[in-house]
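Here's the structure we're looking at; comments come further down.
In this note's numbering, the protein residues as written are 403 to 500.
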């Protein structure tokens with residue numbers, strides 16, 4: 403569980419990733435759509451998405467040549483993370499005693 407917490411907090415420690423997660427909690431988006439909201443290159447956004455994926459915070463779906471990302475609405479996280487996710491509109495299941 404500690405490693406899971408570390409991955410989540412590492413992913414959330416960056417303002418860009420927080421912004422990406424907030425966008426993806428509202429709707430599915432492809433990388434090019436996400437890029438329009440940030441002054442960053444596509445490879446940079448993809449790097450941030452990889453970190454969010456490793457933490458289990460986003461999921462993706464391929465449609466043709468495009469990959470669409472969205473916030474993982476079924477994530478189980480420790481209770482200490484729950485408040486943040488609720489603020490960005492992601493429904494989470496807290497684990498008791500953690």
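C-beta atoms are modelled at their ideal positions from N, C-alpha and C, and glycine is treated no differently.
It should be emphasised that the depicted structure is a prediction, and the values quoted were computed from it without experimental measurement.
- Bounds of the beta strand (DSSP E) holding residue 465 are 460-465.
- Looking at the DSSP output, residue 441 sits in no beta bridge, so it has no partner there.
- If you look at residue 419, you'll find it in the alpha helix (DSSP H) that goes 417-426.
- For residue 465, the closest alpha carbon among the candidates 432, 421, 420 is that of 432.
- When secondary structure is reduced to three states using DSSP, residue 473 falls in the strand class.
- Contact check for residue 459 and residue 413: beta-carbon distance about 6 Å, within the 8 Å limit, so the pair qualifies.
- From the listed residues 424, 445, 428, the smallest Cα separation to residue 434 is found for 445.
- From the listed residues 407, 418, 472, 476, the smallest Cα separation to residue 443 is found for 418.
- In this structure, the beta-carbon distance from residue 473 to residue 427 falls below 8 Å.
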